[in-house]
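Line order of the protein sequences matches chains A and B.
Position in the first sequence (from 1) plus 392 gives the number in this note's numbering.
Position in the second sequence (from 1) plus 33 gives the number in this note's numbering.
Every residue, glycine too, gets a C-beta built ideally from N, C-alpha and C.
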Amino acid sequence: MKYSIKSLLPGNIASDEDVDLLFDQLEVIEPPPFLVENILASVKRLSAGIAVPSQSRAIDGFITRGDAYEPS
Amino acid sequence: MSVRQVREHIKTPTPEISDGVLVKQTLAGDQDAFEILVRRYHVPLFNFICHCLGDYDQACDVSQQVFLQLYVSMPTLRTGEPLKAWLFQVARNRCLDELRRKRAIHFSELEAVNDEEDLSPLAIMPDNQPLPDEIAEHRDLQRSLQQAIASLPPKFRSVVLLRYAGQLSFSEIGHTLNMPEATAKTYFQRARPLLRAALASQRQMSAVS
C-alpha cells in the first residue's frame, strides 16, 4: 500500500506496520555523482603523500565538493 | 528512489566479497578493494548523515571524512568488528560534532536559528522545478516524516534514523550505538507510537489552520 499525505489523517496510521510502510517511503537522498570520485582521489593523494597515515593529516587533505572536476 | 528500492538494489550486488577481505586487500595496496567498500556503503551512509545534519553540502564533506577515517584507521581496525556498524558509529560521532559546532557558531554570532530548516534536508535540496500537485504532495509527505523524526527524543531519533535512513538491522544499530540489540529494538518499538502521535498532531494542526 502506498501512503499519501491524506493517509496521515488521525486514525489512519493504526498499526506498527502502517508506521513502517509509511517511513519506508522516506526519500533516499542521492549523493552527488562526484562523491565517490572525490573520496578515491583524496585517498590516492593521501596514500601518495604520507608513509604513516595520521588522522589529522588525512582529514586536512580531503577534497572538497567538486574539486576533482576543477582544472589543476 | 524509495528506501525499499534502494534496499533491494543493495541486497542484489555482484558476488559478495566480505568487508574483512576487502579491508585486507586494501591494506595490501589494492585501491580497487577500497573503492568497492566506498561504493557499497556511501549511499546509506550519505542518507543517514544528510538526515542527521539537514545540510546536503555538509553531508558530502562529512561522508568524505568518514571514508578517509576508515582508510587511515584500517591498520588498527579490529577484524571481528562489523565494518558497517563502525562506519555509522564514526558518521554519527562526526554529525554530533558538526551539530555542536554549528550550534556554537549560531550562538556566538547571535544568529536566529531556524530549527525546521536545520532538520529538513528536503528544504535545502536544489529545487528549480515547478511543483505539480503530485510532487507537492510528495514533498509534504516527506516534510511530515522528517518533522516526526525530528520531534523524537535524541536516543530514539538515532535508532529510527539508523533504521529508516541507514537501513541497519537491530544488531547493527546495537553495535553502532554501543547498546544491546534488544535495547535498540525496544527503543525503536517505543519510538513508533511517538511517530504516529507526531504525524497525527501535524495533520490536526494543518486541518485547523
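Original post:
Going by alpha carbons, who is nearest to E214 of chain B out of B:R223, B:F203, B:A233, B:A224?
Top reply: Here the closest residue by C-alpha is B:F203.
Subject >> chain A within 8 Å of E131 of chain B, Cβ atoms only >> reply: No, no contact with chain A.
Original post:
Which full runs of the alpha helix (DSSP H) of 4+ residues lie inside the stretch 67–116 of chain B, going along the chain?
Top reply: Whole alpha helix (DSSP H) segments, 4+ residues: 89–106.
Original post:
Applying a beta-carbon distance threshold of less than 7 Å, which residues of chain A neighbour R225 of chain B?
Top reply: The contacting residues are D408, V411.
Original post:
DSSP on E214 of chain B, reduced to helix/strand/coil?
Top reply: Helix at E214 of chain B.
Original post:
Grouping DSSP H, G and I as helix and E and B as strand, with all else coil, what is E170 of chain B?
Top reply: In the three-state scheme derived from DSSP, where H, G and I count as helix and E and B as strand, E170 of chain B is classed as helix.
Original post:
Starting from G199 of chain B and walking both ways along the alpha helix (DSSP H), at which residues does that stretch end?
Top reply: Where G199 of chain B is concerned, there is no enclosing alpha helix (DSSP H), because DSSP gives it neither an H nor an E.
**OP:** Check the Cβ of S96 of chain B against every Cβ in chain A and list those closer than 8 Å, keeping chain order.
**Re:** The contacting residues are P423, L427, I431.
Original post:
With respect to the alpha helix (DSSP H) encompassing A433 of chain A, which residues constitute its N-terminal and C-terminal limits?
Top reply: 426–441 is the span of the alpha helix (DSSP H), which, as asked, contains A433 of chain A.
Original post:
Between the C-alpha atoms of R134 of chain B and D173 of chain B, what's the straight-line distance to the nearest angstrom?
Top reply: So the alpha carbons of these two residues sit roughly 30 Å apart.
Original post:
Anyone know if the C-beta pair for A181 of chain B and L129 of chain B falls short of 8 Å?
Top reply: In this structure, L129 of chain B does not lie closer than 8 Å to A181 of chain B by Cβ.
Subject >> Per-residue contacts from R125 of chain B into chain A (C-beta, under 9 Å) >> reply: The premise fails here: R125 of chain B is roughly 17 Å from chain A at the closest Cβ pair, so nothing lies under 9 Å.
Original post:
Secondary structure at E419 of chain A, three-state DSSP: helix, strand or coil?
Top reply: Reduced to three states, the DSSP call for E419 of chain A is strand.
**OP:** Within 10 angstroms of the Cβ of A169 of chain B, are there 16 or more other Cβ atoms? Answer buried if so, exposed if not.
**Re:** Counting Cβ neighbours within 10 Å, A169 of chain B comes out exposed, since fewer than 16 surround it.
**OP:** Can you give me the start and stop residues for the alpha helix (DSSP H) that A60 of chain B sits inside?
**Re:** One point to set straight first is that residue 60 of chain B is Leu, not Ala, in the sequence displayed. Under the DSSP assignment, L60 of chain B falls in the alpha helix (DSSP H) whose first and last residues are 52–60.
**OP:** Determine the DSSP secondary structure at P226 of chain B, reduced to helix, strand or coil.
**Re:** Correct three-state label for P226 of chain B: helix.
Original post:
Rounded C-beta distance between L120 of chain B and L86 of chain B? I'm assuming under 8 Å.
Top reply: No, L120 of chain B and L86 of chain B are not in contact; Cβ-Cβ is about 16 Å, not under 8 Å.
**OP:** Mind the definition here: the stretch 80–96 of chain B touches the stretch 191–198 of chain B only if three or more C-beta pairs lie below 8 Å; say whether that holds.
**Re:** Taking a cut-off of 8 Å on C-beta distances, the stretch 80–96 of chain B touches the stretch 191–198 of chain B, as three or more cross pairs fall below it.
Subject >> Per-residue DSSP class, three states only, for L132 of chain B >> reply: Three-state result, L132 of chain B: helix.
**OP:** Could you check which residue in B:F67, B:L78, B:R190 has the C-alpha nearest to that of K218 of chain B?
**Re:** If we check each option's Cα against that of K218 of chain B, B:R190 comes out closest.
Subject >> C-alpha distance - A145 of chain B paired with D65 of chain B, whole-angstrom precision >> reply: Residue confidence is low: A145 of chain B scores 41 on pLDDT, short of 50, so the model does not pin down where it sits. Its coordinate-derived value is still stated next. Our two residues, A145 of chain B and D65 of chain B, have alpha carbons roughly 46 Å apart in a direct line.
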